[in-house]
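Each protein sequence line maps, in turn, to chains A and B. Be aware that the first sequence starts at 11, since it is given in the working numbering, and climbs by one per residue. Be aware that the second sequence starts at 8, since it is given in the working numbering, and climbs by one per residue. Before any comments, here is the structure.
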Amino acid sequence: MKMPGFRFLLYITLISLSSAVTAGGFSFRKEKLKLQDTISFISPFEEDNERCFKCHGQERYEYTNENLGLQVKALMCTNRIKKREDFYNSNHKNFSCTDCHSGDYINFPHAGELRMEQKFNCIDCHGGDEKFAQFHFEEIESEYQQSTHFKLEADGFTCWKCHDPHSYRISIRNSENLKETILYNNTICLSCHSDFNRFQLLTDRAEINILQKHDWLPDQSSHFRSVRCIECHTKINDTILVAHLIQPKENAVKRCNECHSRNSMLMASLYKFQSKEQRRDGFFNGIILNESYVIGANRNKYLNILSLVIFGIVISIIGVHIYFRIIKIK
Amino acid sequence: MYLYPIWVRLWHVINVILFIILIVTGLSMQYTGKQDYILVVSFARAVKWHNIGAILLTINYIIFVTGNIISENGRYYRISKKNFFSDLGKQLKFYSWNMFKSEKHPFPVTLDRKFNPLQKLTYVLAMYVALPLLIISGLGLMFPETVLNRFFGISGLILTDILHITMGFFLTLFMIIHIYTCTLGSKPSSLFKSMLSGFHESDES
Numbered sequence: 011m012k013m014p015g016f017r018f019l020l021y022i023t024l025i026s027l028s029s030a031v032t033a034g035g036f037s038f039r040k041e042k043l044k045l046q047d048t049i050s051f052i053s054p055f056e057e058d059n060e061r062c063f064k065c066h067g068q069e070r071y072e073y074t075n076e077n078l079g080l081q082v083k084a085l086m087c088t089n090r091i092k093k094r095e096d097f098y099n100s101n102h103k104n105f106s107c108t109d110c111h112s113g114d115y116i117n118f119p120h121a122g123e124l125r126m127e128q129k130f131n132c133i134d135c136h137g138g139d140e141k142f143a144q145f146h147f148e149e150i151e152s153e154y155q156q157s158t159h160f161k162l163e164a165d166g167f168t169c170w171k172c173h174d175p176h177s178y179r180i181s182i183r184n185s186e187n188l189k190e191t192i193l194y195n196n197t198i199c200l201s202c203h204s205d206f207n208r209f210q211l212l213t214d215r216a217e218i219n220i221l222q223k224h225d226w227l228p229d230q231s232s233h234f235r236s237v238r239c240i241e242c243h244t245k246i247n248d249t250i251l252v253a254h255l256i257q258p259k260e261n262a263v264k265r266c267n268e269c270h271s272r273n274s275m276l277m278a279s280l281y282k283f284q285s286k287e288q289r290r291d292g293f294f295n296g297i298i299l300n301e302s303y304v305i306g307a308n309r310n311k312y313l314n315i316l317s318l319v320i321f322g323i324v325i326s327i328i329g330v331h332i333y334f335r336i337i338k339i340k
Numbered sequence: 008m009y010l011y012p013i014w015v016r017l018w019h020v021i022n023v024i025l026f027i028i029l030i031v032t033g034l035s036m037q038y039t040g041k042q043d044y045i046l047v048v049s050f051a052r053a054v055k056w057h058n059i060g061a062i063l064l065t066i067n068y069i070i071f072v073t074g075n076i077i078s079e080n081g082r083y084y085r086i087s088k089k090n091f092f093s094d095l096g097k098q099l100k101f102y103s104w105n106m107f108k109s110e111k112h113p114f115p116v117t118l119d120r121k122f123n124p125l126q127k128l129t130y131v132l133a134m135y136v137a138l139p140l141l142i143i144s145g146l147g148l149m150f151p152e153t154v155l156n157r158f159f160g161i162s163g164l165i166l167t168d169i170l171h172i173t174m175g176f177f178l179t180l181f182m183i184i185h186i187y188t189c190t191l192g193s194k195p196s197s198l199f200k201s202m203l204s205g206f207h208e209s210d211e212s
């Protein structure tokens with residue numbers, strides 16, 4: 011006689027695992043960092059830009075004081091340093107510095123009033139342009155104007171606080187490594203929300219403590235690594251890829267079920283772009299499985315059916331057994 | 008016949024409570040929806056109580072294994088190769104046929120034989136295969152940084168989770184069958200009473 015217990019267990023386990031593997035497909039993509047150590051891109055304005063970068067491209071710069079006839083070495087203010095590798099990896103790498111800044115900056119020393127120049131906003135270039143229509147910049151602008159950040163415009167908040175035009179690069183659309191994208195995006199938020207000096211440029215609030223504020227969140231570090239701040243702090247908008255309507259903290263998502271369910275809101279936020287690009291059969295919200303595992307959101311429908319069938323068989327056998335016991339008693 | 012020492016009964020009753028908590032909270036997490044409450048517990052509470060239950064179950068399991076090593080209770084779980092399949096066949100035949108013809112139990116309970124061959128096999132599979140796998144995979148999910156990122160190209164977390172829910176499912180089935188077979192004593196309630204008093208009522212189970 012054979013061993014039904016062992017064989018049954020082995021059989022079911024193999025079926026479970028193989029159905030999960032075949033159903034999932036598990037075709038993982040090669041993870042590649044977009045940010046490159048060596049820049050292969052050559053800007054048509056490289057020579058022009060180098061006139062700026064030779065001082066602003068690093069911490070230390072040199073100039074000749076013609077009045078005194080001295081060669082001076084000085085340190086650049088931190089917020090005036092624009093790294094070449096950041097700029098030539100950014101969205102605006104094709105630009106000349108003087109496309110956005112006054113041409114008068116060519117002269118050194120720079121005239122003091124140049125600091126008061128009117129700076130462009132995203133919508134000044136990206137708005138009303140057919141080329142950018144698919145990205146719905148007008149909708150983004152509209153969301154921004156309703157967001158809690160917009161209330162700080164009078165204090166100096168602009169698009170650039172989050173999207174530094176010298177270094178910002180598209181992340182979710184060209185990402186091949188979601189964890190890196192999440193880190194990149196969250197670093198933008200944390201550049202103010204965990205840096206007291208930058209934070210106090212816009213508010214008089216006495217303290218910030220991200221970890222303490224989120225101590226209600228189970229497995230906090232795992233959440234911080236796996237989702238962006240904006241997943242919980244913005245209102246989802248179907249028209250645009252990345253929601254910009256940052257909500258007051260009272261409105262932040264705090265219900266676990268919003269993400270941890272079959273109708274996970276992550277499919278409309280973090281995984282929105284990927285969910286349109288790729289499909290994985292068998293698993294509910296299978297696209298999430300490429301990068302992470304979200305309890306409640308990832309289930310395999312074949313395993314669900316299989317478990318119900320096995321459960322049904324066991325209950326039926328017990329039912330039949332009870333029936334024969336009753337007959338025997340009668 | 009005094010068959011179930013106090014430590015076994017205490018371990019068993021703790022196991023019962025923890026199994027129920029873990030099944031209810033486990034189902035709540037796995038089948039969570041947009042509504043706050045699945046079964047009787049919300050997702051956040053389910054996570055919390057599943058973790059607490061799991062840690063207590065692990066401690067309880069260590070007590071069980073240690074108890075079986077240092078006491079005589081461990082001998083009941085030793086499977087002998089001799090007549091393994093034929094004994095298993097006899098027991099299966101008894102449950103599926105002979106018991107309805109009022110035939111005697113092929114392996115009556117004695118102080119040397121607490122479990123019949125089928126019980127022994129399922130208990131060994133449940134306690135020494137499924138439960139360790141459930142605990143190890145559960146610890147992996149509790150500390151995801153310890154799980155391999157990729158295993159033959161498949162996410163380590165997914166494999167760990169599938170192993171965890173599969174073992175959880177089998178142990179849930181085991182519990183249902185276990186409860187039912189416990190009604191097969193001389194009276195439907197006698198084996199439940201035995202597990203509370205420690206005294207086995209008769210040789211029929």
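Glycine included, each C-beta is placed from N, C-alpha and C at the ideal position.
Shown here for leucine 85 of chain A: same chain residues with a beta carbon closer than 7 Å to its own, the five before and five after excluded, namely Glu69 and Arg70 in chain order. Its chain contains no residue whose beta carbon lies nearer than 6 Å to that of phenylalanine 107 of chain B once the 5 sequence neighbours on both sides are disregarded. Within the region 26-43 of chain B, Met36, Gln37, Tyr38, Thr39, Gly40, Lys41, Gln42 and Asp43 place their CB atoms closer than 8 Å to a CB of chain A, listed in sequence order. In this structure, DSSP gives valine 324 of chain A a helical state, which the three-state scheme calls helix. Around the beta carbon of methionine 126 of chain A, a 10 Å sphere encloses fewer than 16 other beta carbons of the protein chains shown; the residue is thus reported as exposed. Contact annotation: glutamate 153 of chain A and isoleucine 250 of chain A have beta-carbon atoms nearer than 9 Å.
The region 188-269 of chain A contains, as complete alpha helix (DSSP H) runs of 4+ residues, the segments 188-203, 206-209, 220-223, 230-236 and 239-243 (chain order). A straight-line Cα-Cα distance of about 10 Å links phenylalanine 63 of chain A and phenylalanine 97 of chain A. Look at the beta carbons and you see the region 209-224 of chain A not touching the region 174-187 of chain A: under three pairs across the two are nearer than 8 Å. Residues of chain A whose Cβ lies closer than 8 Å to the Cβ of leucine 180 of chain B are, in chain order, Ile320, Phe321 and Val324.
When the alpha-carbon of serine 35 of chain B is set against those of B/Ile27, B/Ala53 and B/Leu198, the nearest one is in B/Ala53.
Against chain A, the beta carbon of valine 54 of chain B has neighbours under 7 Å at Pro228, listed in chain order.
Not flagged as an interface residue toward chain B: serine 152 of chain A, since no C-beta distance is shorter than 9 Å.
Interface residue (Cβ-Cβ distance to chain B less than 9 Å): histidine 270 of chain A is classified as such.
Apart from sequence neighbours up to five positions away, the residues of its chain that approach isoleucine 142 of chain B with a beta-carbon distance below 8 Å are Ala61, Leu64, Thr65 and Tyr68, ordered along the chain. In the structure shown, threonine 74 of chain A falls within a strand segment according to DSSP collapsed to helix, strand and coil. Cβ neighbours of arginine 272 of chain A within its own chain (closer than 8 Å, five residues either side excluded): Phe294, Asn295, Gly306, Ala307 and Arg309. Using a Cβ-Cβ cut-off of 9 Å, tyrosine 187 of chain B counts as an interface residue toward chain A, since at least one Cβ of chain A sits closer than that to its own. Using beta-carbon distances, phenylalanine 334 of chain A counts as an interface residue toward chain B, with a partner under 9 Å. Scanning its chain for C-beta atoms nearer than 7 Å, with the 5 sequence neighbours on each side dropped, one finds around glycine 166 of chain A the residues Leu211 and Leu212, in chain order. Listed in chain order, the alpha helix (DSSP H) runs fully inside the region 112-156 of chain B are 124-132 and 138-149, counting runs of at least 4 residues. Below the 8 Å Cβ cutoff, chain B contributes no neighbours of glycine 113 of chain A, its closest Cβ being approximately 51 Å away. Per DSSP, lysine 83 of chain A is one residue of the beta strand (DSSP E) stretching across 80-85.
In the structure shown, phenylalanine 199 of chain B adopts helical secondary structure according to DSSP, grouped into three states.
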